[in-house]
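Notes to accompany the following structure.
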Amino acid sequence: MVAVGLIGTGFMGKCHAIAWNAVGTVFPDVEKPRLVHLGEVNDELARRKAGEFGFAKGSGDWRAVVNDPEVEIVSLTTPNQFHPEMAIAILEAGKHLWCEKPMAPGFAEAEAMAKAAKASGKVAVLGYNYIQNPAIRHIGALLEEKIIGDVNLVRIEMDEDFMADPEALFFWKHEAASGYGALDDFAVHPLSLIKALFGRVSRVMCDMVKPYADRKLASGGRRAVETYDIASVLMHLENGVAGTLLVNRSAWGRKGRIAIQIFGSKGSILYDQERMNEFQLYLIADRPTEQGYRTVLVAPHHKPYDSFLPAPGHGLGFNDLKMIECRELLMRIAGKPARIIDFDEGLEIERTVHAMARSFQEQRWVDVR
3 MVAVGLIGTG FMGKCHAIAW NAVGTVFPDV EKPRLVHLGE VNDELARRKA GEFGFAKGSG
63 DWRAVVNDPE VEIVSLTTPN QFHPEMAIAI LEAGKHLWCE KPMAPGFAEA EAMAKAAKAS
123 GKVAVLGYNY IQNPAIRHIG ALLEEKIIGD VNLVRIEMDE DFMADPEALF FWKHEAASGY
183 GALDDFAVHP LSLIKALFGR VSRVMCDMVK PYADRKLASG GRRAVETYDI ASVLMHLENG
243 VAGTLLVNRS AWGRKGRIAI QIFGSKGSIL YDQERMNEFQ LYLIADRPTE QGYRTVLVAP
303 HHKPYDSFLP APGHGLGFND LKMIECRELL MRIAGKPARI IDFDEGLEIE RTVHAMARSF
363 QEQRWVDVR
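In this note's numbering, each residue carries its 1-based index in the sequence shown increased by 2.
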């Protein structure tokens with residue numbers, strides 16, 4: 003029974019806690035974990051969240067979780083800028099690590115994390131849960147079958163509106179210390195899908211935009227926004243496929259949209275994360291009188307949907323994808339094949355993001371290497 007620690011109890015911290023609590027019930031092929039130690043910014047919050055999330059104890063110092071001899075694996079769900087110090091400490095303490103994306107604001111920091119993971123010999127993975135969707139898994143299988151022929155273009159967009167209000171207050175994601183903005187906060191998720199479905203990105207051309215130059219401070223006055231909420235990228239993939247990537251954190255009306263359009267010589271596939279339990283398929287093999295996009299609903303035969311529900315059309319949710327990811331992590335720890343993005347693969351995503359940022363800074367095409 004693996005013993006779990008958790009650092010951070012915000013949106014993703016709760017998501018990890020739900021996954022740890024439910025994974026053994028949903029997937030009987032993995033052992034139910036034991037929730038041992040939770041870390042937060044102070045003792046009172048840590049104790050309260052430990053009770054809510056089902057952990058045996060809580061501490062107001064994250065180092066107490068890292069140094070706890072009972073803990074075998076740590077979920078790290080703090081803001082991006084804290085990942086490097088904490089992740090390296092966790093790995094050097096001989097613990098497995100499940101770290102939320104992105105790895106770090108700077109590429110050198112991400113490299114140091116990957117180096118620490120390799121030196122530790124422990125499993126270190128990143129929270130790219132969208133690749134776990136049964137719909138995405140099946141789209142990957144269809145691409146392998148070449149059901150739409152040879153792919154020539156993939157167009158992928160990610161939009162949300164949590165930064166769309168120009169009157170919203172300045173917060174930590176507007177600081178340069180958090181990274182570039184939408185490019186690394188957001189674009190890493192579409193890039194994880196590109197990696198899972200197509201492989202490496204080889205060349206990029208990027209533009210970034212700040213829709214609002216400054217924002218109000220809670221204490222009064224205004225502060226310049228240091229990150230970019232919008233990014234547009236042209237891509238060449240290593241397998242010869244052309245690509246476009248568009249991301250926007252200020253898109254009114256968009257809540258959790260990752261829209262993928264895949265065009266091939268014999269058809270196309272469309273998918274939108276806001277309708278995550280279906281995708282559209284167009285095949286030229288259909289008779290001209292019936293040609294058109296068909297909607298395919300995710301069902302028990304799209305594994306591992308069947309572990310959650312016995313009937314089609316009922317639908318999985320965001321937290322369910324995290325449970326699937328948690329199961330894949332436990333499979334990797336057990337030395338079994340797993341569909342998950344480890345630190346070496348995550349570093350390739352980080353390298354791609356930093357190449358995009360360099361392309362914007364230098365206003366030219368940049369090779370990802």
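Where a beta carbon is used, it is the ideal one built from N, C-alpha and C, also for glycine.
No experiment lies behind these values; they were computed from the predicted model shown.
Residue i by DSSP, collapsed to three states: which one?
| i | result |
| --- | --- |
| Ala-52 | helix |
| Asn-321 | helix |
| Ala-253 | coil |
| Phe-281 | strand |
| Lys-120 | helix |
| Ala-89 | helix |
| Phe-265 | strand |
| Met-105 | coil |
| Gly-151 | coil |
| Arg-36 | strand |
| Asp-163 | coil |
| Val-43 | coil |
| Arg-371 | coil |
| Val-68 | helix |
| Arg-139 | helix |
| Tyr-132 | helix |
| Asp-231 | coil |
| Val-76 | strand |
| Val-156 | strand |
Quick check: the Cα distance between residue i and residue j, rounded to an integer number of angstroms?
| i | j | result |
| --- | --- | --- |
| Gly-142 | Leu-47 | 42 Å |
| Met-88 | Leu-128 | 14 Å |
| Gly-294 | Ile-133 | 26 Å |
| Gly-266 | Asp-152 | 5 Å |
| Val-249 | Leu-236 | 12 Å |
| Val-203 | Met-358 | 11 Å |
| Asp-1 | Gln-263 | The shown model of the chain, from 3 to 371, leaves out residue 1, and the question about it has no answer. |
| Trp-367 | Phe-281 | 33 Å |
| Ile-90 | Ala-119 | 8 Å |
| Ile-286 | Gln-365 | 40 Å |
| Phe-172 | Ile-149 | 47 Å |
| Asp-167 | Ile-158 | 24 Å |
| Phe-55 | Ala-110 | 34 Å |
| Ile-342 | Pro-30 | 19 Å |
| Leu-195 | Met-115 | 22 Å |
| Ile-92 | Thr-11 | 17 Å |
| Asp-187 | Val-300 | 28 Å |
| Leu-99 | Glu-72 | 15 Å |
Within 10 Å of its beta-carbon, does residue i have 16 or more other beta-carbons around it, so buried, or fewer, so exposed?
| i | result |
| --- | --- |
| Met-378 | Outside the displayed span of the chain (3 to 371) sits residue 378, for which this structure offers no information. |
| Met-105 | buried |
| Cys-231 | Note that residue 231 is Asp in the sequence shown, not Cys. The residue in question, Asp-231, is buried, as its Cβ has 16 or more Cβ neighbours within 10 Å. |
| Gly-222 | exposed |
| Phe-200 | buried |
| Ala-226 | exposed |
| Gln-363 | exposed |
| Phe-13 | exposed |
| Gly-315 | exposed |
| Gly-41 | buried |
| Trp-254 | exposed |
| Phe-164 | exposed |
| Val-43 | exposed |
Kindly indicate if chain C contains any beta-carbon less than 8 Å away from that of residue i.
| i | result |
| --- | --- |
| Lys-103 | Protein chain content of the structure displayed is limited to a single chain, and chain C is not contained in it. |
- Task: Would you mind listing the alpha helix (DSSP H) stretches within the stretch 284 to 344 that are 4+ residues and don't spill past its ends, in chain order?
- Result: Taking only runs of at least 4 residues, the alpha helix (DSSP H) segments lying wholly in the stretch 284 to 344 are 320 to 335.
- Contained alpha helix (DSSP H) runs [length at least 4] in the stretch 167 to 226, N- to C-terminal order: Whole alpha helix (DSSP H) segments, 4+ residues: 184 to 187 and 190 to 199.
- Looking at C-beta atoms only, is the number of pairs between the stretch 78 to 97 and the stretch 27 to 40 that lie closer than 8 Å three or more? No, they do not touch.
- If you pair each beta-carbon of the stretch 343 to 356 with each one of the stretch 103 to 118, do three or more pairs fall below 8 Å? These segments touch.
- Message: Quick test of the definition: if touching needs 3 or more C-beta pairs under 8 Å, does the stretch 236 to 246 touch the stretch 174 to 192?
- Response: Touching, no.
- Just checking, does the stretch 326 to 344 make contact with the stretch 15 to 34 on the three C-beta pairs under 8 Å criterion? Contact between the stretch 326 to 344 and the stretch 15 to 34 is present, because at least three Cβ pairs lie under 8 Å.
- Quick one: complete alpha helix (DSSP H) runs, 4+ long, within the stretch 4 to 34? For the stretch 4 to 34, the continuous alpha helix (DSSP H) assignments of 4+ residues that do not extend past its boundaries occur at 13 to 28, in sequence order.
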